[in-house]
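Just so we're aligned, residue 1076 is where the sequence shown starts under the working numbering, counting upward by one. Written below as structure tokens is the structure these notes are about.
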Amino acid sequence: MKRISIFISTILLYINSYAQQNWLQVECGTEFSIALRSDSALFSWGVNTNGQLGNNLATPSSTSPYLIDTNSKWRAISAGSFHSLGIKNNGTLWTWGFNGNGQLGTGSLLQEDVPVQIGTDSDWKSIDAGLANSFAIKNNGTLWVCGLNFHGQLGIGAAGADTSVLIQVGTDNTWKQISCGGLHVMGLKNNGTLWSWGYNGEGQVGDTTNFNKPSPVQITAATNWQSISAGYQFSTAIKTDGSIFSWGFNGNGQLGDNTTTQRNFPLDISAAETWNSISAGASFAYAIKSDSTLYSWGFNGAGQLGSGNLTQYNKPTLVDNATNWLTINAADGGQSGAQLFGLHALGLKSDRFGICYSGANYTGQLGNGTTANSSVFVCNQITTGLEEFKTKQLEVSIYPNPTNDFITLEIPGLEFETVSYQLINSLGQQVMTRNISQYSQINMSTLDNGLYLLLLSDGNQIISSSRVIKN
1076 MKRISIFIST ILLYINSYAQ QNWLQVECGT EFSIALRSDS ALFSWGVNTN
1126 GQLGNNLATP SSTSPYLIDT NSKWRAISAG SFHSLGIKNN GTLWTWGFNG
1176 NGQLGTGSLL QEDVPVQIGT DSDWKSIDAG LANSFAIKNN GTLWVCGLNF
1226 HGQLGIGAAG ADTSVLIQVG TDNTWKQISC GGLHVMGLKN NGTLWSWGYN
1276 GEGQVGDTTN FNKPSPVQIT AATNWQSISA GYQFSTAIKT DGSIFSWGFN
1326 GNGQLGDNTT TQRNFPLDIS AAETWNSISA GASFAYAIKS DSTLYSWGFN
1376 GAGQLGSGNL TQYNKPTLVD NATNWLTINA ADGGQSGAQL FGLHALGLKS
1426 DRFGICYSGA NYTGQLGNGT TANSSVFVCN QITTGLEEFK TKQLEVSIYP
1476 NPTNDFITLE IPGLEFETVS YQLINSLGQQ VMTRNISQYS QINMSTLDNG
1526 LYLLLLSDGN QIISSSRVIK N
């Protein structure tokens, strides 16, 4: 009886190890989204006209999450306007999507429909993808850039020529965080100083001028800046005391100062409150207060503020008084003529159990299987993660069972699937594992007699579990 109980517990343990995955990071591109799960698996959904989903499919969009890579080894991601960046667990850097300005760093201008590795370095620490740029910081604190440089947004000292390979910004090795806006960039150093550069027509650089800056300039003399987030034409930042600041374009109330007045210097909008984090998007912003409640403000034409309406708010307005908000990410902006895109937001609560979403959904960027916008934040409490949107159903025949030597697996429809098996003994020990095909045999002749658990998985989730008896 004891061994049977152990076996049943083992079944539950192995199935739950797949079923109870939660989410580490969610990122909004302009009209697409990507998410990183706790098992290091990477998913994407939304528009795919430039290969930004990284799934090597010719479909123009996907309204449901799609597993990008069955080799689950990702640790950090960033979604830009039309391209994406990722860092794997081994510290290597990967990019995919649109590449018209060299933002993928591959040395060419060719679009990549699947993640491709950039160089051979394995010491990448953090990344941020912008409108047509990519920025990355190494473990040694150096900053590397590629892509569009028309307004000096690469920060290399001169505006003009784009670059399709990563180049270092200066010689400084104290960079801590980077954030790309539409045409400008913000940076935070280890000493708590704030820096900015690039296009400055709306004062988004924050140095009290409206002249472009092709090199990083320090913003204020303060040394207690804690985090930054650059929007399409505006900037936001938080100090270590929890105070929140914004500057730049304000025609849609995105600065949150209860006006629509443009500012070219950091303005405190804390309203005597303390804040944990902020995310600036295309023309709107989100922030999480120190009590973990969620606020938003700015343009709301697609319901991206999650307020249940399409009303513009010119100051931080409560979205959800639940005190368990962990992270929030507002969509990056992309412009076509007078039309601005990037009108959705994704978030995680402290249990990291379901992805929350609000806003535009015309390309499926919310990932809920539809193209209907949502003006309220909806949190999908999905125990097995996003694969429930794309559940695989495989019928498995196992014979003979019981067996004294070989068992044969017959799995119709497996021709184009990558499936592996694990054979677990009654003590919970994995005794055998390998990839299988539509018809496979497993040699159990050398194994002890008893009860075994046969798990079939697609590299990401269990798709079949069966008991096998060895005589």
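The beta-carbon is built from N, C-alpha and C at its ideal position, and this holds for glycine as well.
Open item on the list: So, under 8 Å CB-CB, G1317 and S1365 are touching, yes? Tell me the CB distance rounded to an integer number of Å.
Closed with: 6 Å
Task: Whole-angstrom distance between G1161 and M1261, CA atom to CA atom - done: 20 Å
- [ ] Might you give, ordered along the chain, the residues of its own chain that have their beta carbon closer than 6 Å to the beta carbon of S1254, omitting 5 neighbours on each side?
- [x] D1203, M1261, I1303, S1304, A1305
Open item on the list: Would F1374 and S1358 be called neighbours here (beta carbons separated by less than 9 Å)?
Closed with: yes
Open item on the list: Tell me the DSSP secondary structure of I1143 in three-state form.
Closed with: coil
Task: Extent of the continuous beta strand (DSSP E) to which Q1178 belongs - done: First-last for Q1178: undefined, no H or E at that position.
TODO: Could you check if S1532 is buried or exposed, using at least 16 other CB atoms within 10 Å of its CB as the buried criterion?
DONE: buried
Task: For E1485, three-class secondary structure by DSSP - done: strand
Open item on the list: Residues in the same chain with beta-carbon distance under 6 Å from I1517, minus the five sequence neighbours each way, listed in chain order, please.
Closed with: I1482
Task: Residue of G1323, N1339, F1340, I1344 minimising C-alpha distance to N1333 - done: I1344
Open item on the list: Among the candidates S1495, T1478, S1449, F1157, whose CA atom is the shortest distance from the CA of D1523?
Closed with: T1478
TODO: Taking all protein chains shown into account, decide if N1266 is buried (16 or more other Cβ within 10 angstroms of its Cβ) or exposed.
DONE: exposed
Task: Selected residue, minimal CA-CA separation from G1194, among G1180, L1206, S1472, A1207 - done: G1180
TODO: Count the other CB atoms, across all protein chains shown, that sit within 10 Å of the CB of R1509; report buried if there are 16 or more and exposed otherwise.
DONE: exposed
- [ ] Could you work out which residue in N1164, I1212, Y1496, G1205 is closest to N1174 when comparing CA atoms only?
- [x] G1205
Task: Candidates G1442, F1286, G1276: closest to F1309 by CA position - done: G1276
Task: Secondary structure of L1461, DSSP reduced to three states - done: Unreliable placement is indicated for L1461, whose pLDDT of 37 sits below 50; no coordinate value is reported for it.
Open item on the list: For G1434, which residues in the same chain have their Cβ closer than 6 Å to its Cβ, ignoring the five residues on either side in sequence?
Closed with: A1377, G1378, Q1379, L1418, H1419, A1420
TODO: Work out the CA separation of L1168 and K1148 for me, nearest whole Å.
DONE: 12 Å
Task: Under the three-state DSSP convention, the category V1244 falls into - done: coil
- [ ] From the DSSP output, read off the bridge partner residues of L1385.
- [x] Answer is none; L1385 lacks a bridge partner.
- [ ] Could you check the C-alpha separation between L1111 and A1154 for me, to the nearest Å?
- [x] 12 Å
Task: Entirely enclosed beta strand (DSSP E) segments - the region 1211-1246, minimum 3 residues - done: 1218-1222, 1238-1243
Open item on the list: Check for me: the beta strand (DSSP E) holding S1304 runs from which residue to which?
Closed with: 1300-1305
Open item on the list: In the DSSP assignment, the beta strand (DSSP E) including Q1293 goes from what residue to what residue?
Closed with: 1288-1293
Open item on the list: Please classify I1143 as buried or exposed, where buried requires at least 16 neighbouring CB atoms within 10 angstroms.
Closed with: buried
Open item on the list: What would DSSP say about L1530, mapped onto helix, strand or coil?
Closed with: strand
TODO: Along the beta strand (DSSP E) that carries M1261, what are the first and last residues, could you check?
DONE: 1259-1264
TODO: Compare the C-alpha of F1107 against each of D1407, I1486, D1237, V1543 and name the closest.
DONE: D1407
- [ ] Taking the CB atoms as reference points, tell me whether A1234 and N1164 lie closer together than 9 Å.
- [x] no
- [ ] Could you check the C-alpha separation between T1022 and N1396 for me, to the nearest Å?
- [x] Look at the range of the chain in this structure, 1076 to 1546, and you will see that residue 1022 is not part of it.
Open item on the list: On the DSSP letters alone, give me the boundaries of the beta strand (DSSP E) that A1116 sits inside.
Closed with: No beta strand (DSSP E) contains A1116, which DSSP labels as neither H nor E.
- [ ] Find out if the Cβ-Cβ distance for the pair W1056, Q1252 is shorter than 9 Å.
- [x] Lying before the first or after the last residue shown, residue 1056 is absent from the chain, which here runs from 1076 to 1546.
TODO: Please work out which residues of its chain come closer than 6 Å, Cβ to Cβ, to Y1437, disregarding the five sequence neighbours upstream and downstream, and give them in chain order.
DONE: T1446
Task: Distance, G1172 Cα to V1506 Cα - done: 41 Å
- [ ] Please say whether K1264 and G1328 have beta carbons closer to each other than 9 Å?
- [x] no
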